[in-house]
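With this note's numbering applied, the sequence shown corresponds to residues 387 to 805, in that order. We treat Cβ as the ideally placed atom computed from N, Cα and C, and that holds for glycine. Reviewing the structure listed below.
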Amino acid sequence: MSLNRRSFLKSTALAGAGAIAAPGLMTRAALGADPIKVGVLFSQTGGLSIIEKSLADATLMAIAEINAKGGVAGRPIEPIIEDGASDPKTFNEKASKLVVRDRVPTVFGCYTSASRKAVLPVFEKRNNLLFYPTYYEGFECSKNVIYTGSAPNQQLSTFIPWIIKNLGKKKFFIVGSNYIYPREMAKVCKILIEANGAEWVADEYLELGHSEWGSMVNKIKSSGCDVVLSNVVGDSVVAFYREFKNQGLTHDVLPICASVTSEVEIAAMGAEYAAGSYTSFPYFQAIDSEANKAFVERYRAYVKDPKAVTHHAMESSYFQVYLFAQAAAKLGDKLTSNAIRDAVAGSEFDAPNGHVKIDPENLHTWLTPRIAQWQADGQGKIVDQLPAPIRPLPYSAYGETEANLFCTTAGLDSAKLKQ
């Protein structure tokens, strides 16, 4: 689904005729007020578009729903849509265009940590605001970013002890794509593995987008491991799981336990390649609540695909727009990036995954950790979850010296961040 500003505005204009499932949608003309322009920056092309197109769709769906209810204090939200093209340099260029030329006060965007790191200097130099929806490795705090995906303690701090206790696995083979997120997540994994009385036997990487996994799977087979901890990202996930099964490995004996693999990658590879493996996320499509079921149906209607799947980063992309709208509604005409950030800090929302809250001290999101086992139908069966959201701790696995260094650079108080 190729997206741009013109096609979005055309689609919203047609919504009243049933083109989009947003009943009562009000167009810019109908609302009769100046629009609030925002940036939408995800990959529409390249290897990461397998995931990022759905993040853009969820963002635009939330905007359409908000506009359908009258916008923000009568003002419609108008997205300016750009393609990061799965390339950090392109992300940087497009972020500069949105912030400098289009003068948007907020951008919803980025999936990988590489793209986030590429655009961060733009937002910090220009004192603009990025809403970032992806689960990530932590080790960062910026007053110019609202982090709505999970921090490491909301994925790994429950996942690794669960693997050791419930699956009885003690020898971890850590594998990932070769960039910031997988390498930093591996640091956290190693600390947690050792703290829980297990060991890691290898820590290996292949380039992002790599599709030849035969040699790596051979390494896994000969390593003596009894579980694979996967931080593999993008379309490489598909190639990895297929090669894993093609070489005769099965998840009942040697399970892949992933920090990244979601409903989208499962659908792309075929459910039979992942059935029996595990992932830890705060959100799965299988969450059994009326709010989530309604969300899934609305999303499928919006993208006109009755089999479309929802997933964690996509759901965060959706609810973060509502957090923005809540904040903007309080501010009237004072929609500066600083004012939006201050209004979002501490705000709460009932999202499809449950109740969420932006921590006022570190600008990350309170979320509920969950673990799911992938089934033959391509859905995750939730096998464990905490009873309530927990506080995000982006520096939970690191020492005070490192936290002080990075938080001082960001202009935030690391002592508060670690409380």
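Report all residues from its chain with a CB closer than 7 Å to the CB of ILE652; omit the five preceding and five following residues, and keep chain order.
Here residue 652 corresponds to residue number 266 of the sequence shown, with the count starting at 1. Result list for ILE652: ALA660, TRP760 and GLY764, in chain order.
Going residue by residue through the stretch 523-598, where are the continuous alpha helix (DSSP H) segments of at least 4 residues, counting only ones entirely within it?
Within the stretch 523-598, the complete alpha helix (DSSP H) runs of at least 4 residues fall at 542-552 and 566-581.
Buried/exposed call for GLY470, threshold 16 Cβ in 10 Å
In the sequence shown, counting from the first residue as 1, residue 470 sits at position 84. Of the residues assessed, GLY470 falls on the buried side of the cut-off, its CB having 16 or more other CB atoms within 10 angstroms.
State the Cα-Cα distance for the pair MET602 and TYR591, rounded to the nearest angstrom.
Translated into the one-based positions of the sequence shown, residue 602 becomes position 216. Translated into the one-based positions of the sequence shown, residue 591 becomes position 205. Those two C-alpha atoms are separated by around 9 Å.
With a threshold of 6 Å on Cβ separation, who are the neighbours of CYS611 within its own chain once the five nearest residues in sequence on each side are excluded?
Numbered from its first residue, the sequence shown carries residue 611 at position 225. Within the same chain, CYS611 has close Cβ partners LYS557, PHE559 and VAL587.
Less than 8 Å between the C-beta atoms of THR498 and TYR518, yes or no?
Residue mapping note: residue 498 aligns to position 112 of the sequence shown, counting from 1. Residue mapping note: residue 518 aligns to position 132 of the sequence shown, counting from 1. Not closer than 8 Å, so no.
When you compare each of ILE546, LYS607 and VAL619 to ASN632 by their alpha carbons, which one comes out closest?
Numbered from its first residue, the sequence shown carries residue 632 at position 246. If we check each option's Cα against that of ASN632, LYS607 comes out closest.
What does the alpha-carbon distance come out to for the pair VAL508 and GLU526?
Locating residue 508 in the sequence shown gives position 122, where the first residue counts as 1. Locating residue 526 in the sequence shown gives position 140, where the first residue counts as 1. VAL508 and GLU526: Cα-Cα distance of roughly 16 Å.
THR492 vs PHE705 beta-carbon contact at 8 Å:
Along the sequence shown, read from residue 1 onward, the residue named residue 492 stands at position 106. Along the sequence shown, read from residue 1 onward, the residue named residue 705 stands at position 319. Not in contact: THR492 and PHE705 (Cβ atoms no closer than 8 Å).
Start and end of the beta strand (DSSP E) containing GLY425?
By 1-based counting over the sequence shown, the position of residue 425 is 39. It spans 422-428 - the beta strand (DSSP E) in which GLY425 sits, taken as one unbroken run.
Using C-beta distances below 8 Å, list every residue in its chain close to ILE466, excluding the 5 sequence neighbours before and after it, in chain order.
Here residue 466 corresponds to residue number 80 of the sequence shown, with the count starting at 1. Hits under 8 Å: ARG391, LYS423, VAL424, GLY425, VAL426, LEU484, ASP488 and VAL490.
Based on the DSSP secondary-structure assignment, which residues constitute the bridge partners of CYS643?
Counting from one through the sequence shown, the residue named residue 643 turns up at place 257. Bridge pairing for CYS643: LEU615 and TYR664 [DSSP].
If you draw a straight line from the alpha carbon of GLU464 to that of LYS720, how long is it in whole angstroms?
The residue you call residue 464 lines up with position 78 of the sequence shown. The residue you call residue 720 lines up with position 334 of the sequence shown. Per the coordinates, the alpha-carbon of GLU464 lies some 17 Å from the alpha-carbon of LYS720.
Could you pull out every unbroken beta strand (DSSP E) segment of at least 3 residues lying fully inside the stretch 692-778, listed in chain order?
Here the runs fully enclosed are 734-737, 740-744, 756-760 and 766-771.
Taking Cβ to Cβ, would you say LEU615 is nearer than 8 Å to VAL574?
To locate residue 615, count along the sequence shown from 1; it is residue 229. To locate residue 574, count along the sequence shown from 1; it is residue 188. A distance of 8 Å or more separates the beta carbons of LEU615 and VAL574.
Just the Cα atoms here: how many angstroms apart are VAL531 and GLY634?
Your numbering for residue 531 matches position 145 in the sequence shown. Your numbering for residue 634 matches position 248 in the sequence shown. Roughly 44 Å separates the two Cα atoms.
Considering only residues of the same chain and omitting the five flanking positions on each side of ALA694, which have a CB-CB separation below 7 Å?
Working through the sequence shown from its first residue, we reach residue 694 at position 308. Apart from sequence neighbours up to five positions away, the residues of its chain that approach ALA694 with a beta-carbon distance below 7 Å are TYR685 and ARG686, ordered along the chain.
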